[in-house]
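Data first, discussion second: the structure below is written as structure tokens.
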Amino acid sequence: MSDTPAKEFDPTQNVDLGNNPVEAKKKEGAALLEKHGLANRFYFDPGNRGSYWHRTADGEWIGEPSREFEEMLCDVYNISTGRNDKDQSGARLSESKQVARYVKSYCRVDYVGRLAGQVAGFQKNNSQRVLVTHTADIMQPDPEQACPTLLELFENIFGDRDGEQLNQIEHFFAWWQHALKVLHSRRGGNGQNGLAIVLAGGTGCGKTLTTKLIRETFGGRECKPFSFMIGLERFNKECKESEAWIIDDEQSAIDAKSRSAFSASIKAVVADPAYRVRAIQKDGEVLEFFRRLVICTNLEDDRLQSLPSIKNDIADKISLFLCHSKPMPMSADTKEEQDLFRDTLFEELPGFVNWLLNVWEPKDKSVLGGRFGVRHYHHPDLCRDLFEVSKDQILWDHIQKVLFRSDDEFANWWWDGSTTKLRELLVSDESPLSKAERGYVPQSNHLGRSISTISNQFPEQLWKHQVEGKDRWLIVKPGKTVAEYRELQNVNRSYKT
């Protein structure tokens, strides 16, 4: 045995890759692709028994099994099938087989398929190697096309009614403009997130027509995600392939479990750059892609109850638009008139996209900005309607019934105290609420959250403040205001001094 100590392994020095058969094969394969001008033209997907992917003349990607891939290399790219190399057993390999082996070993991808809002080709997506097979066919702007019928249509649906100054239409146009800017810029990651919107209105007001026009400008791909969002379905492959996520009147559920799941899903759809998708017999993937959620609903109570409660954790992620029922810009009584009206709208749509992207600017710049590109908007009539069919409205009725009873047991027109004290009054034996009504009163911590929601709807009657570092609520009876109470307190303090 030699007394010479073994030389310590130094990875920075032992890099003689010329003697490494694996690296040598890798270099040979890469050189062969370079020789034929085919670098970064092929990828291998190990799923579905393995398939080789290459780009067609029209820019889309298709996958083929090994034998067909090698034949394509020969027929299309003139890569030799003559045997000029040897494998480990000594058998000679063709150039096409060398390329196939190189692609299989070094050009693997984690996901292959369509991806909403993305350009066909290879990309790194949420730390994964992704091959997008089709480019989203986004509607292109046409500066030569006028769009008077569309502008009149949207003014009728979203414009202010007589005496209103709500600026709803500017918020709607800003949302649509931001979505189109994201699509046309092919922005990824957080930059492609955007608000969900609710279009609420009566039958025939144009809300469904509006969703179809939105979908067309996004490229025409649509999915119906409601069942997945509330947990009734486990698979949502179509979601990652669709820019427009549409939920209409026929898809609704009013039970508490479904509404809670729906609310959580909306937050994930809007706020998370990556979203989990899963096809049948496939593992789930978490990918980043463009999506906009559009919810259509009628104004009946049972339809409004299917919407999530607009509480603090979701309020800034969703806009509520009230669609007005006004005459359409063109007659649409007969089938022929309806077809002409529809054709006119879709003919004008590229012009509208140009107007929205390159001409229109909001008069009120405050509608722009924020985490999702534009500020959220809640039409006051919808907020009131949603509140009136909510559990919070029931709780508010109960609070007023207990604090300001008709028998004038409470002399004051105001009440001031903690949520714990308020709950004690609501559920006490002396409470005018029935046993069933008392059973619906939430615990103190949840009661505080509900009162916060109520105060957003009735800021004149509820005021949160602190006394000695502890939260308290001032609540005044209908017809009175918090401002009156505070003015009275100032007068009392002045009198005492």
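Take the sequence shown: its position 257, counted from the start at 1, is 802 in my numbering, and no numbers get skipped.
Just so you know, even glycine gets a beta-carbon here, dropped at the ideal spot from N, CA and C.
Proximity of Arg653 and Pro610 at Cβ, strictly below 8 Å:
Taking the first residue of the sequence shown as position 1, residue 653 is located at position 108. Taking the first residue of the sequence shown as position 1, residue 610 is located at position 65. Cβ distance not < 8 Å, so Arg653 and Pro610 don't count as in contact.
Looking at Ile742 and Cys868, is the spacing between their C-beta atoms short of 8 Å?
The sequence position of residue 868 within the sequence shown is 323, counting from 1. The sequence position of residue 742 within the sequence shown is 197, counting from 1. No, the Cβ-Cβ distance between Cys868 and Ile742 is not below 8 Å.
Exposure of Tyr820, with buried meaning 16 or more beta-carbon neighbours within 10 Å
In the sequence shown, the residue the question calls residue 820 occupies position 275. So Tyr820 ends up on the buried side.
Going residue by residue through the segment 971-1018, where are the continuous alpha helix (DSSP H) segments of at least 4 residues, counting only ones entirely within it?
You should have 980-984 and 989-1002.
According to DSSP, simplified to helix, strand and coil, what is Tyr1030?
Residue mapping note: residue 1030 aligns to position 485 of the sequence shown, counting from 1. Tyr1030 sits in a helix when the DSSP states are folded into three classes.
Glu700 to Glu830 span [Cα, whole Å]
Numbered from its first residue, the sequence shown carries residue 700 at position 155. Numbered from its first residue, the sequence shown carries residue 830 at position 285. C-alpha separation (whole angstroms): 41 Å.
Contact under 8 Å by Cβ, Cys692 with Phe897:
For this step, residue 692 is matched to residue 147 along the sequence shown. For this step, residue 897 is matched to residue 352 along the sequence shown. By the CB criterion at 8 Å, Cys692 and Phe897 fall inside the cutoff.
Collapsed DSSP secondary structure at Lys1025 in the structure displayed
Here residue 1025 corresponds to residue number 480 of the sequence shown, with the count starting at 1. Coil at Lys1025, not helix or strand.
Please classify Gly635: is it buried, with 16 or more other beta-carbons within 10 angstroms of its beta-carbon, or exposed?
What you label residue 635 is simply residue 90 of the sequence shown in a count that begins at 1. Because Gly635 carries a pLDDT of 40, less than 50, the predicted location of this residue cannot be relied on, and the following value inherits that uncertainty. Classification of Gly635: exposed, given that the 10 Å Cβ count is below 16.
Whole angstroms is fine: what's the gap from Thr998's alpha carbon to Pro925's?
Locating residue 998 in the sequence shown gives position 453, counting from the first residue. Locating residue 925 in the sequence shown gives position 380, counting from the first residue. If I take the Cα positions, the gap works out to 14 Å.
Buried or exposed by the 16-neighbour rule on C-beta atoms within 10 Å, applied to Glu613
Here residue 613 corresponds to residue number 68 of the sequence shown, with the count starting at 1. Classification of Glu613: exposed, given that the 10 Å Cβ count is below 16.
Three-state secondary structure (DSSP) of Ile855
Residue mapping note: residue 855 aligns to position 310 of the sequence shown, counting from 1. Coil at Ile855, not helix or strand.
Assigned exposure category for Glu767 - 16 Cβ within 10 Å defines buried:
For the purposes of this step, residue 767 is taken as the residue at position 222 of the sequence shown. So Glu767 counts as buried.
Less than 8 Å between the C-beta atoms of Arg837 and Gly751, yes or no?
Here residue 837 refers to the residue found at position 292 of the sequence shown. Here residue 751 refers to the residue found at position 206 of the sequence shown. Not closer than 8 Å, so no.
Should the segment 801-809 be regarded as contacting the segment 845-862, the criterion being three or more beta carbon pairs within less than 8 Å?
Enough Cβ pairs lie closer than 8 Å, so yes.
Taking the alpha carbon of His679 as the point to measure from, which residue in Asp687, Gly658 and Asp846 has its own alpha carbon closest?
As a first step, residue 679 is located in the sequence shown; it is residue number 134 there, counting from the start. If we check each option's Cα against that of His679, Gly658 comes out closest.
At what residues does the beta strand (DSSP E) containing Gly746 begin and finish?
The residue labelled residue 746 in the question sits at position 201 within the sequence shown. That run of the beta strand (DSSP E) goes Ala741 to Gly746.
Roughly how many angstroms separate the alpha carbons of Lys572 and Lys580, rounded to a whole number?
Here residue 572 corresponds to residue number 27 of the sequence shown, with the count starting at 1. Here residue 580 corresponds to residue number 35 of the sequence shown, with the count starting at 1. Looking at the two C-alpha atoms, the distance is approximately 12 Å.
Candidates Lys757, Ala681 and Asn1001: which alpha carbon is nearest Gln1129's?
The requested residue 1129 is not part of the displayed model; the chain covers only 546 to 1042.
Does the segment 715-722 come into contact with the segment 903-918, if we say contact requires no fewer than three beta-carbon pairs (one atom in each stretch) closer than 8 Å?
Of all C-beta pairs linking the segment 715-722 to the segment 903-918, three or more are shorter than 8 Å, placing the two stretches in contact.
DSSP beta-bridge partners of Ser596
Position 51 of the sequence shown, counted from the first residue, corresponds to residue 596. Under the DSSP definition of a beta bridge, Ser596 partners with Asp590.
Could you tell me which whole beta strand (DSSP E) segments of length 3 or greater appear in the segment 889-917?
Within the segment 889-917, no complete beta strand (DSSP E) segment of 3 residues or longer occurs.
To the nearest angstrom, how far is the alpha carbon of Thr557 from that of Val644?
Locating residue 557 in the sequence shown gives position 12, where the first residue counts as 1. Locating residue 644 in the sequence shown gives position 99, where the first residue counts as 1. In this prediction, Thr557 has a pLDDT of 41, which is less than 50 and means its spatial position is unreliable; what the coordinates show is noted afterwards. Near 30 Å, if we compare the C-alpha coordinates of Val644 and Thr557.
Straight-line gap, Lys769 to Arg1031 (C-alpha atoms, nearest Å)
As a position in the sequence shown, residue 769 is number 224, starting the count at 1. As a position in the sequence shown, residue 1031 is number 486, starting the count at 1. Distance between the alpha carbons of Lys769 and Arg1031 is about 51 Å.
Count the other CB atoms, across all protein chains shown, that sit within 10 Å of the CB of Arg779; report buried if there are 16 or more and exposed otherwise.
Walking along the sequence shown from the start, residue 779 turns up at place 234. Arg779 should be labelled exposed.
Does the beta-carbon of His1010 have 16 or more other beta-carbons within 10 angstroms, so that it is buried, or is it exposed?
Here residue 1010 is taken as the residue at index 465 of the sequence shown, counted from 1. Under this definition His1010 is an exposed residue.
Counted within 10 angstroms of its Cβ, other Cβ atoms place Asn670 as buried (16 or more) or exposed
Against the sequence shown, residue 670 aligns to sequence position 125. Buried is the call here.
Are the Cβ atoms of Asp794 and Thr762 separated by less than 8 Å?
As a first step, residue 794 is located in the sequence shown; it is residue number 249 there, counting from the start. As a first step, residue 762 is located in the sequence shown; it is residue number 217 there, counting from the start. Going by C-beta atoms, Asp794 is not nearer than 8 Å to Thr762.
Name the DSSP beta bridge partners of Arg950, please?
The residue given as residue 950 occupies position 405 in the sequence shown. According to DSSP, Arg950 bridges with nothing at all.
Beta-carbon contacts of Arg646 that lie in its chain and below 6 Å, excluding the five residues immediately before and after:
Residue numbering aside, residue 646 sits at position 101 when the sequence shown is read from its first letter. So no residue of the chain qualifies.
When you compare only the Cα positions, how much space is there between Glu906 and Gly704?
Against the sequence shown, residue 906 aligns to sequence position 361. Against the sequence shown, residue 704 aligns to sequence position 159. Taking C-alpha positions only, Glu906 is separated from Gly704 by approximately 16 Å.
Within 10 Å of its beta-carbon, does Asn899 have 16 or more other beta-carbons around it, so buried, or fewer, so exposed?
Within the sequence shown, residue 899 is the residue found at index 354, counting from 1. Buried, because 16 or more other Cβ atoms sit within 10 Å of the Cβ of Asn899.
Give me the Cβ distance between Ser989 and Arg983, rounded to the nearest whole Å; I'm assuming they're in contact under 8 Å.
By 1-based counting over the sequence shown, the position of residue 989 is 444. By 1-based counting over the sequence shown, the position of residue 983 is 438. 14 Å between Cβ atoms; not a contact.
Which residues in the same chain have their Cβ closer than 6 Å to the Cβ of Lys726, if we skip the five residues on either side of it in sequence?
Your numbering for residue 726 matches position 181 in the sequence shown. If the five residues before and after Lys726 are omitted, its C-beta is found closer than 6 Å to no C-beta atom of its own chain.
Candidates Glu882, Thr879, Lys827 and Val919: which alpha carbon is nearest Ser864's?
As a working mapping, residue 864 is identified with position 319 in the sequence shown. The shortest C-alpha separation from Ser864 is found at Val919.
What is the rounded straight-line gap between the Cα of Met617 and the Cα of Asp655?
What you label residue 617 is simply residue 72 of the sequence shown in a count that begins at 1. What you label residue 655 is simply residue 110 of the sequence shown in a count that begins at 1. Looking at the two C-alpha atoms, the distance is approximately 23 Å.
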